[in-house]
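Participant:
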Amino acid sequence: MGFYDYYFGALFLIMGTVLGSFFNVVIYRMPLDKSVISPPSSCPNCGHMILWYENIPVLSWIFLRAKCSGCHTPISVRYPLVEMITGAFSLFLYCFYFHEKLFTPNLEWWTVIPLLLQYISLMLFVPIAVIDVEHLIIPNEFTIGGLIIGLAISFIPGGVTPQMAFAGAGIGAGILILFGKIGEVILKKEAMGWGDIKMLGWFGAMFGPGVAVGSIFIGAFAGLFGSIFMLIIKKMKRGEYLPFGPYLCLGALLALIWGTEILTLYLGIAGIEPSYFGIP
Ligand SMILES: [Zn+2]
């Protein structure tokens with residue numbers, strides 16, 4: 002580990018907490034169809050404008066002793082929690098994905114553009130998970146926006162190729178539409194949300210078909226265990242809609258970072274020779 006490893010690590014941690022601060026605004030305002038840029042944040046109780054030094058991720062919440070400086074209304078622990086989780090997630094992504102990508106010999110400057118957009122896409126998993134759990138929606142700004150940007154940046158060399166991006170979008174969305182249709186026949190009600198389908202189009206365009214397919218299969222597996230757990234602790238009733246978005250995000254993340262390892266493990270359990278899938 003050299004100086005730059007730690008330097009970039011600290012940078013990713015700080016970038017993450019700052020993004021987390023912005024995500025707090027996104028999580029609150031986006032489902033209400035309010036602008037995430039203006040007006041600036043203020044106390045919902047007394048209207049006190051949040052000053053710049055009251056808006057420093059995590060630290061401000063501590064030095065304000067979790068109270069508004071205007072009216073002393075308590076500020077929810079959820080705000081610093083989202084900032085800390087987003088910061089930790091950013092550091093995780095650096096350690097397990099972006100470190101390797103950034104310290105590749107002969108890295109061309111334009112490769113940083115697809116990497117940056119991949120980073121933003123992955124970071125958006127935090128607000129998507131919270132919004133989907135609370136409102137059962139995944140905003141179009143993320144999914145359709147991500148799909149269009151993913152397809153467009155595939156023409157920049159160094160990331161996913163255009164063929165992979167278009168195939169990924171088609172395969173990702175296509176499999177979910179198919180699963181949705183099958184589910185509709187079995188359950189006799191709408192089984193797959195269009196938000197999930199659009200999101201898989203975005204994942205496929207941004208990360209290629211492998212991550213899209215991995216996201217669905219790992220996500221379905223995690224979702225099954227997640228819903229059994231939720232039924233056991235009685236946080237969910239039978240027949241209730243499951244927010245599938247967070248599981249698909251988790252699936253995409255695992256497929257991106259440990260896709261080959263997970264596939265090898267699965268093939269081992271299923272008794273299939275890994276070399277059929279090009280794994281040595
Ligand atoms: Zn106040």
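Its first residue numbered 2, the sequence shown is counted upward by one per residue in my numbering. The beta carbon of each residue, even a glycine, is placed where N, CA and C say it ideally should be. Since the structure is predicted, the reported quantities are computational estimates derived from the model, not experimental observations.
1. Have a look at 253, 132, 207, 28 and flag the residue whose alpha-carbon is nearest the alpha-carbon of residue 218.
2. Quick check: the Cα distance between residue 8 and residue 96, rounded to an integer number of angstroms?
3. Measure the CB-CB distance between residue 230 and residue 216 and report whether it falls below 8 Å.
4. Are the CB atoms of residue 154 and residue 1 within a distance shorter than 8 Å?
5. Where in the stretch 159-187 do unbroken runs of the beta strand (DSSP E), each at least 3 residues long, occur, reported from the N-terminal end onward?
6. Could you pull the DSSP bridge partners for residue 50 from this structure?
7. Anyone know if the C-beta pair for residue 42 and residue 51 falls short of 8 Å?
8. Taking the alpha carbon of residue 128 as the point to measure from, which residue in 59, 67, 143 has its own alpha carbon closest?
9. Residue 29: which of 15, 16, 17, 44 sits nearest, CA to CA?
10. Flag this pair as yes or no: are the beta carbons of residue 139 and residue 197 separated by less than 8 Å?
11. Just verifying my parser: in three-state terms, what is the DSSP assignment at residue 128?
12. With a threshold of 16 other CB atoms inside 10 Å of the CB of residue 257, please say whether the residue is buried or exposed.
13. Provide the residue(s) that pair with residue 68 in DSSP beta bridges, ordered along the chain.
14. May I have the straight-line CA-CA distance separating residue 62 from residue 82, to the nearest angstrom?
15. What's the C-alpha gap between residue 236 and residue 162?
16. Taking a contact to mean a Cβ-Cβ separation below 8 Å, would you say residue 18 touches residue 71 in this structure?
17. Roughly how many angstroms lie between the CA atoms of residue 67 and residue 48, to the nearest whole one?
18. By the 10 Å Cβ neighbour count, where 16 or more other Cβ atoms means buried, how is residue 36 classified, buried or exposed?
19. Mind listing, in chain order, the continuous alpha helix (DSSP H) runs of no fewer than 4 residues lying wholly within the stretch 194-255?
20. Here's the rule: buried if 16 or more other CB atoms are within 10 angstroms of the residue's CB, otherwise exposed. What is residue 119?
21. Does the beta carbon of residue 215 fall short of 7 Å from some heavy atom of ligand 1?
22. So, residue 168 versus residue 202, is the Cβ gap smaller than 8 Å?
23. State the DSSP-derived secondary structure class of residue 105, mapped to helix, strand or coil.
Facilitator: Inspection of the coordinates gives the following:
1. 253
2. 12 Å
3. Result no, Cβ atoms of residue 230 and residue 216 do not sit closer than 8 Å.
4. Summary: the structure shown does not reach residue 1, with the chain confined to residues 2 through 281, and so no result is reported for it.
5. none
6. 43
7. Yes, they are a contact pair.
8. 143
9. 44
10. yes
11. Here residue 128 carries a helix assignment [DSSP, helix/strand/coil].
12. buried
13. 75
14. So the alpha carbons of these two residues sit roughly 10 Å apart.
15. 43 Å
16. no
17. 16 Å
18. So residue 36 counts as exposed.
19. 195-208, 210-233
20. Burial call: buried.
21. no
22. no
23. coil
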